[in-house]
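Enquirer: Okay, here's the structure, questions in a sec.
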Amino acid sequence: MEIRNPKIFITTSRLPSSILMKFTGDFEKIFTNSFKLCRGKKFLTNLIEICITKGGTDIILIHEYRGIPDALVISHLPKGPSAYFTIKKVVFSPKKWKKKTNNFPPHILIDNLTSQVGKRLCGIFSSLFPFPNYKSKRIISFIGKDNQILFRHFLYQKKKIKEKTSLLHELGPSFDMFPYKISLGNFGEKNQEIEWNFSSFIKTMGKKSFL
């Protein structure tokens, strides 16, 4: 599943609000080879077909609730897997962030995802990015904490700086992800085989950490 030249398509739920469109625009800047896909009235199966036809390796679907981004699905093409998350504490990118910071593939930092589920998610996250370029000044982090994954996006300042000034500047967007399901197919398939889901985990393992 390790794609090192990924082509990512990003789409939304139907009738997206202006806030969701802004978040989608911020989200697109995370990746070096990503494209917005207008949802319109298309069914999920239609979106998958379009992405595969255009050479897409992954599609990300972002949902909202009352104008607030609240969930996303990452689906590897053509046959999965797909990872489902709720998201919260969304912070948008500052207006001063320019597209030119996105010229090189970022460095990826993944920490504290050591369980079987955590390692599975590591593979899904890693497949979204090509190998990092040594010239890149961007860092993408996925940090496991209390059964959530903290997503952050930084710009690393390599120039000499004054004392007490931070080396890392947060570019955004930032948000916390709560994984609740992993399926073996893409999200457009019916009767997907479920590899893992949170509700089954709670029934068997209680409140133990799953990441």
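Following our numbering from start to finish, the sequence shown increments by one per residue and tops out at 243. Even glycine gets a Cβ: it sits at the ideal position worked out from N, Cα and C. Computed from a predicted model, the values in this text were never measured in an experiment.
#1: Who are the Cβ neighbours of Trp228 in its own chain at under 6 Å, not counting the five residues just before and after it?
#2: Which residue wins for smallest C-alpha separation from Phe63, given the options Gly220, Leu76 and Ser168?
#3: Leaving out five residues on either side along the sequence, give the residues of the same chain with a beta carbon under 6 Å from the beta carbon of Glu202.
#4: Please tell me whether Pro164 has its Cβ less than 8 Å away from any Cβ of chain C.
#5: Suppose you measure from the CA of Pro101 to the CA of Asn165; what does that come to, to the nearest Å?
#6: Would the stretch 48-68 and the stretch 204-221 be scored as touching if the rule is three or more Cβ pairs under 8 Å?
#7: Just verifying my parser: in three-state terms, what is the DSSP assignment at Thr44?
#8: Just to confirm my understanding: we take Lys151, look at its own chain, exclude 5 residues before and 5 after, and list those with CB closer than 8 Å. What are they?
#9: If we count Cβ pairs, one from each stretch, closer than 8 Å, do we get three or more for the stretch 42-52 versus the stretch 69-88?
#10: Given a cut-off of 8 Å, decide if Ser107 and Ile119 are closer than it, judged by their beta-carbon atoms.
#11: Do Leu141 and Ile171 have their beta-carbon atoms positioned less than 8 Å apart in this structure?
#12: Determine the burial state of Glu34: buried for a count of at least 16 other Cβ atoms within 10 Å of its Cβ, exposed for fewer.
#13: Please list the segments of the alpha helix (DSSP H) lying wholly inside the stretch 140-205, counting only runs of 4 or more residues, in order along the chain.
#14: Nearest-angstrom Cα distance between Gly112 and Gly217?
#15: DSSP three-state label for Ile51, please.
#16: Give the straight-line distance between the Cα atoms of Gln224 and Pro110, rounded to the nearest whole angstrom.
#17: Going by alpha carbons, who is nearest to Ser114 out of Ile51, Ser231, Lys86 and Ile226?
#18: Which whole-angstrom value is the C-beta distance of Phe210 and Leu93, which I expect to be below 8 Å?
#19: Judging by CA-CA distance, which residue of Cys83, Glu96, Asp143 and Gln189 is the nearest neighbour of Phe117?
#20: Over what stretch of residues does the beta strand (DSSP E) that includes Asn229 continue unbroken?
Expert: Straight from the coordinates:
#1: Val149 and Ile214
#2: Ser168 is the residue among Gly220, Leu76 and Ser168 whose C-alpha sits nearest the C-alpha of Phe63.
#3: Phe186
#4: Looking for chain C here will not work: only one protein chain is present.
#5: 30 Å
#6: The count of Cβ pairs closer than 8 Å, one atom from the stretch 48-68 and one from the stretch 204-221, reaches three, so the stretches are in contact.
#7: It is a strand residue.
#8: Leu145
#9: Because the criterion of three Cβ pairs below 8 Å is met, the stretch 42-52 and the stretch 69-88 touch.
#10: no
#11: yes
#12: Any reading at Glu34 must be qualified, since the residue scores a pLDDT of 49, below 50, and its modelled position is unreliable; the value itself is stated next. Its Cβ having fewer than 16 others within 10 Å, Glu34 is exposed.
#13: Within the stretch 140-205, the runs of alpha helix (DSSP H) that reach at least 4 residues and sit entirely inside it are, in chain order, 148-158.
#14: One C-alpha to the other measures close to 4 Å.
#15: It is helical.
#16: 13 Å
#17: Ile226
#18: Actually they do not touch by this definition, with Cβ atoms about 16 Å apart.
#19: Glu96
#20: Ile226 to Asn229
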